[in-house]
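What the sequence shown shows, in UniProt numbering, is residues 1 to 119, in sequence order.
Heads up, the beta-carbon is just placed ideally off N, CA and C, and yes, glycines get one too.
Report on one structure; see the data block that follows.
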Amino acid sequence: MANILVVDDAAFMRMMIKDILSKNGYNVVGEGENGVKAIEKYKELKPDLVLMDITMPEMDGIQALKEIRAFDPAAKIVMCSAMGQQGMVIEAIQSGARDFIVKPFQADRILEAVKKVLG
């Protein structure tokens, strides 16, 4: 069973994602509400995959993505973001994100990305 870290500044969004993942046999090992927490939790929990929002307070998802990848170049990170942030999508992919999910998303899209990235 894959261990997943969910990072989003909206608690309801984390809950929704957690729900989708756990109903489909994934283990949500931790969650965070900003990039700083994402890095801390990644180092502590060493998850198989991180699902992370881009727009967050304190440190955004792109910065956190870069720092996690610097710490662990093999880190598997899927970014989530609202519509119309194409520039950020490109930066996220260039910075090493494995996939990108646009909000509002369907449960199927999350599961498809997770399966694809975890192989």
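Checklist entry - Does DSSP put residue 52 in a helix, in a strand, or in coil? => result Numbered from its first residue, the sequence shown carries residue 52 at position 52. The answer is strand: DSSP assigns residue 52 an E or B state.
Item to check | residue 72, enclosing beta strand (DSSP E) - first and last residue | outcome: Translated into the one-based positions of the sequence shown, residue 72 becomes position 72. Premise fails: residue 72 is in no beta strand (DSSP E) and is neither H nor E.
Checklist entry - Quick one, are the C-beta atoms of residue 59 and residue 34 less than 8 Å apart? => result Sequence index remark: in the sequence shown, residue 59 carries index 59 (1-based). Sequence index remark: in the sequence shown, residue 34 carries index 34 (1-based). Against a cut-off of 8 Å, the Cβ pair of residue 34 and residue 59 comes out as a contact.
Checklist entry - Where does residue 119 land, buried or exposed, given buried means 16+ other C-beta within 10 angstroms? => result If you number the sequence shown from 1, residue 119 lands on position 119. Exposed.
Item to check | Neighbourhood of residue 39 by C-beta, 7 Å cutoff - its chain only, sequence neighbours within 5 removed | outcome: Start at 1 with the first residue of the sequence shown, and residue 39 comes out as number 39. Within the same chain, residue 39 has close Cβ partners 64, 67 and 68.
Next on the checklist: Among the candidates 96, 102 and 91, whose CA atom is the shortest distance from the CA of residue 49?
Outcome noted: Counted from its first residue, the sequence shown places residue 49 at position 49. Considering only alpha carbons, the answer is 96.
Item to check | Where the beta strand (DSSP E) through residue 95 begins and ends | outcome: Taking the first residue of the sequence shown as position 1, residue 95 is located at position 95. Taken as a continuous stretch (DSSP letters only), residue 95 belongs to no beta strand (DSSP E), as it is neither H nor E.
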